[in-house]
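**Q** Read the sequence shown against the numbering used here and you will find it ends at 117, with the numbers running on by one and no gaps. Would you mind keeping the following structure in view while I ask a few things?
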Amino acid sequence: QVHLVESGGGLVQAGGSLRLSCAASGITFSINVMGWYRQVPGKQRELVATITSSGSTNYVDSVKGRFTISRDSRKNTVYLQMNSLKPEDTAVYYCYADGFRDYRYWGRGTQVTVSS
């Protein structure tokens with residue numbers, strides 16, 4: 002079992018920055034890929050960024066050059082640094098972790114609101 006807790010969401014003006022954190026606890030040695038999704042009410046959840054245990058990263062095109070995902074294996078924490086935020090980045094951001102046999106664990110989500 003893996004438990005994920007996100008933090009760092011909030012309200013920011015367009016052009017501003019936020020850093021999201023996701024701390025994992027439990028059977029963390031089983032985790033391979035971690036990442037972030039986001040969801041706007043009435044829309045499908047969108048994959049934002051991923052990072053593997055070896056540090057390989059991937060981003061959705063809309064955040065490339067603005068968002069950076071990183072991982073601190075000692076703290077079992079993944080971060081999402083979000084710069085140059087836009088109103089369209091407003092969403093609930095969910096952390097996830099793929100564990101043993103690719104079972105996916107989810108955090109409860111953190112709200113990010115970008116005002117214009």
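C-beta atoms are modelled at their ideal positions from N, C-alpha and C, and glycine is treated no differently.
Nearest to Arg102 by alpha carbon, out of Lys44, Arg109, Arg20, Phe30?
**A** Cα-wise, what sits closest to Arg102 is Phe30.
**Q** From Val115, Tyr97, Gly27, pick the residue whose C-alpha is nearest to that of Glu47; which is it?
**A** Closest by alpha carbon: Tyr97.
**Q** Straight-line CA distance for Val3 to Ala15?
**A** So the alpha carbons of these two residues sit roughly 34 Å apart.
**Q** Are the stretch 16-30 and the stretch 84-98 touching by the rule of at least three beta carbon pairs closer than 8 Å?
**A** Touching, yes, given that three or more Cβ pairs across the two stretches are closer than 8 Å.
**Q** So for Arg75, helix, strand or coil by DSSP?
**A** Three-state result, Arg75: coil.
**Q** Would you mind reading off the limits of the beta strand (DSSP E) that contains Val49?
**A** Its beta strand (DSSP E) spans residues 47-52.
**Q** For Gly9 and Val115, I'd like the C-alpha separation in whole angstroms.
**A** Their Cα atoms are separated by approximately 13 Å.
**Q** Leaving aside the five residues before and after Asp99 along the sequence, list all residues of the same chain whose C-beta is less than 6 Å from its C-beta, in chain order.
**A** Cβ within range, chain order: Asn33, Val34, Arg105.
**Q** Let me make sure I understand the geometry here. Which of Val79, Phe68, Ser74 has the alpha-carbon closest to that of Asp90?
**A** It is Phe68 whose Cα lies nearest to the Cα of Asp90.
**Q** Check Thr29 in the structure and name its three-state DSSP category.
**A** Thr29 falls in the helix class under three-state DSSP.
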